[in-house]
Amino acid sequence: MPGRSGEKVYDAQRRPLTLERLLKSGGAGSVFTLKERPREVAKLYHSDKDARVYERKLQAMLELQPDLPPMEGQGADQVQIAWPMTLLRDRSGRFIGFTMPILDLSATSDLEHVLQERQARSEGLPTGLGAKMTLAANLAVMLAALHRRQHYVVDLKPLNVRFYRSTLFIAMLDCDGFSIQGKGERFPAGQVTTDYLASEFQQPGVKPGQEEAQDRFALAVMVFQLLNSGLHPYAGRPQGATVPSDLPARIAANLYPYARGKPHPRMLPSPVSGHEMFPPALRDMFDRAFSAQARRRPSAQEWATLLLDYARRNAGQLVACGKDAAHQHFVGMPCAACARAELLAGSARAAQTRTRQKPNKARKQRARTAARVAQAQPVTAQASAASGVPGVMSRVTMAVIGTLLLGWVMGWGMPAYRRYSALVDPGIWDGVGLAVQMAMLAIAILLFILFVPMLIMSKRP
Ligand SMILES: Nc1ncnc2c1ncn2[C@@H]1O[C@H](COP(=O)(O)OP(=O)(O)OP(=O)(O)O)[C@@H](O)[C@H]1O
Ligand SMILES: [Mg+2]
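The working numbering runs 152 ahead of the 1-based position in the sequence shown.
And the structure:
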């Protein structure tokens with residue numbers, strides 16, 4: 153295959169063109185600047201197989217062009233869509249690729265970058281609702297123009313859509329990957345991205361003839377993300393362990409939590425979502441787009457009509473926020489950007505308090521441990537000082553032995569002694585002997601009853 157700087161390729165009129173600089177090599181082909189045509193680039197396919205499939209598709213694209221002329225930008229015209237201009241062949245006449253208008257990539261950014269607010273801010277990309285609304289409207293306008301020709305992007309996602317930073321016009325590349333309407337023939341798209349794939353296509357994929365439903369879904373997801381600080385419409389707070397954590401599975405299960413009416417039983421909205429500050433007409437559109445019935449999804453043209461109305465400055469649908477000059481909100485609605493900023497500031501404060509508390513907490517924890525250790529030390533010291541305080545078993549043993557000893561002394565020892573004394577010196581003992589013996593026994597038993605439980609129950613301090 154051709155594809156080196158300096159090589160010659162030939163256009164449809166067999167005029168030679170010289171490949172100049174390789175701009176980039178993608179999965180399907182390599183893109184070169186052309187020496188003779190500074191406003192065009194050449195895309196040359198990597199393999200013969202690709203080229204054979206693409207030749208008829210490219211022919212169909214040339215025959216059915218969307219009405220998307222370059223827009224007047226600041227200084228130069230801004231290419232909206234890199235649609236093929238002429239087929240390219242090698243010296244022997246074999247199809248090898250095509251030319252398309254060159255797009256000044258350095259003047260553009262992809263939509264993915266604008267969706268993440270922090271990233272957008274750091275790259276100087278727009279963050280206000282007004283600019284995002286314009287981007288959403290322009291995207292819908294572009295898709296509506298493509299759909300009028302029955303061409304569909306299919307792998308429609310923020311990463312695949314660029315915009316001019318100066319004007320917010322949309323710029324689309326890689327159009328030979330779209331689903332293209334030929335004469336009585338459809339040339340399907342090759343790729344999909346499941347985070348943007350409609351519920352009914354998650355399992356079987358997008359079949360030829362069903363592509364518009366897919367584009368309508370992906371467009372609605374992107375509009376939702378643009379107008380709701382990058383939040384995906386199937387992101388939210390799952391209720392219960394059975395809710396899938398990944399977006400494609402949630403799309404497949406129709407777990408859209410931002411619909412009007414009663415809350416979704418399995419998913420709650422994300423707390424940072426500003427959907428409640430959207431006007432009813434916009435919410436209706438989202439509810440239709442993400443309903444379980446695919447046929448209710450609004451067309452690109454419907455989106456274009458609604459969003460252009462919001463985006464037009466003189467329509468007065470969006471107004472500047474009274475609190476923050478960088479914010480805009482829907483007229484008659486609270487400022488979602490302020491609400492979000494407050495919420496984020498609140499959680500940042502809470503996080504800060506937590507991190508501030510952490511050393512405190514740790515200090516408290518350390519103090520508590522130290523106190524316990526300090527307590528423990530006296531206890532240990534007491535325990536060791538009173539190491540005479542025996543364990544339960546030894547206390548029981550002591551009680552038993554002690555009582556028996558006492559009992560022997562009082563009950564048996566004493567009478568034995570007295571009998572011995574009586575032998576030596578008989579006296580009054582003989583009469584009272586038995587009574588004393590009985591009393592001693594009773595005392596011993598009583599002491600046993602009191603002493604043993606007391607000893608056993610006594611706790612270590
Ligand atoms: N019209 C153009 N003007 C300027 N640069 C272009 C143009 N078309 C393509 N490029 C550059 O070439 C790269 C590859 O182009 P493209 O996406 O058409 O190729 P691909 O092989 O189909 O890629 P992928 O595998 O991503 O689909 C683009 O990402 C872009 O950087
Ligand atoms: Mg491609």
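Ideal placement from N, C-alpha and C gives every residue a C-beta, glycine not left out.
As the structure is a prediction and not an experimental result, all values here were calculated from the model.
By how many angstroms is the C-alpha of residue j removed from the C-alpha of residue i?
i    : j    : result
R156 : A203 : 17 Å
W235 : L210 : 9 Å
Q165 : A212 : 18 Å
H299 : S331 : 10 Å
V358 : P400 : 14 Å
A411 : L349 : 19 Å
R627 : F438 : A question about residue 627 goes unanswered here, because the residues of the chain that appear run from 153 up to 613.
T319 : L196 : 31 Å
G179 : Q343 : 12 Å
F482 : V183 : 43 Å
R447 : G484 : 31 Å
Q445 : S397 : 23 Å
R167 : V424 : 58 Å
G540 : Q504 : Only weak support exists for where G540 lies, its pLDDT of 34 falling under 50; the value from the coordinates is given anyway. Their Cα atoms are separated by approximately 53 Å.
G334 : Q354 : 26 Å
A228 : P253 : 13 Å
G181 : K201 : 12 Å
H198 : G245 : 17 Å
Is the CB-CB distance between residue i and residue j below 7 Å?
i    : j    : result
M237 : Q230 : no
R449 : A441 : yes
L459 : A289 : yes
S422 : G388 : yes
Y316 : T279 : no
G382 : L267 : yes
D242 : I248 : yes
A463 : M285 : yes
L240 : V293 : no
L295 : A194 : no
L175 : L186 : no
H265 : L277 : yes
Output needed for residue i: all residues of its chain with C-beta closer than 6 Å, excluding positions within five of it in sequence on either side, in chain order.
i    : result
G158 : none
L291 : I322
D347 : L399
S573 : Here the model assigns S573 a pLDDT of 45, short of 50, so the residue's position is not dependable and the matter cannot be decided.
L220 : Q232, I233, A297
Can you give me the Cβ contacts of residue i inside the same chain, cut-off strictly under 7 Å, excluding the 5 residues immediately before and after it?
i    : result
A472 : Q480
Q217 : W235
Q529 : Its pLDDT being 34, under 50, Q529 is placed unreliably by the model, and nothing is read from it.
D307 : G329, A341, Q343, V344, T345
A365 : A350, A446, R449
A488 : G426, M429, H481
Going by DSSP, what residue range makes up the alpha helix (DSSP H) through residue i?
i    : result
P432 : 432–441
H265 : 263–267
V413 : Sequence inspection shows Gly at residue 413; the Val mentioned does not correspond to that position. Unbroken run through G413: none, as it is neither H nor E.
E454 : 452–463
I'd like to confirm something about residue i: is its beta-carbon nearer than 6 Å to some heavy atom of ligand 1, or not?
i    : result
L210 : no
V183 : yes
M213 : no
M632 : Outside the shown range of the chain (153 to 613) lies residue 632, about which nothing can therefore be said.
M294 : no
M237 : no
L255 : yes
M485 : no
A234 : yes
Counting along the chain, where does the beta strand (DSSP E) carrying residue i start and finish?
i    : result
M324 : 322–324
E364 : No beta strand (DSSP E) contains E364, which is instead part of the alpha helix (DSSP H) from 363–379.
G282 : First-last for G282: 281–300, but that is the alpha helix (DSSP H), not the beta strand (DSSP E).
E337 : 337–339
I332 : 332–334
A472 : 470–472
Is residue i near ligand 2, going by C-beta to nearest heavy atom under 6 Å?
i    : result
D326 : yes
A180 : yes
G382 : no
G329 : yes
Please work out which residues of its chain come closer than 8 Å, Cβ to Cβ, to residue i, disregarding the five sequence neighbours upstream and downstream, and give them in chain order.
i    : result
A372 : P385, M437, F438, A441, F442, R449, P450, W455
A433 : L458
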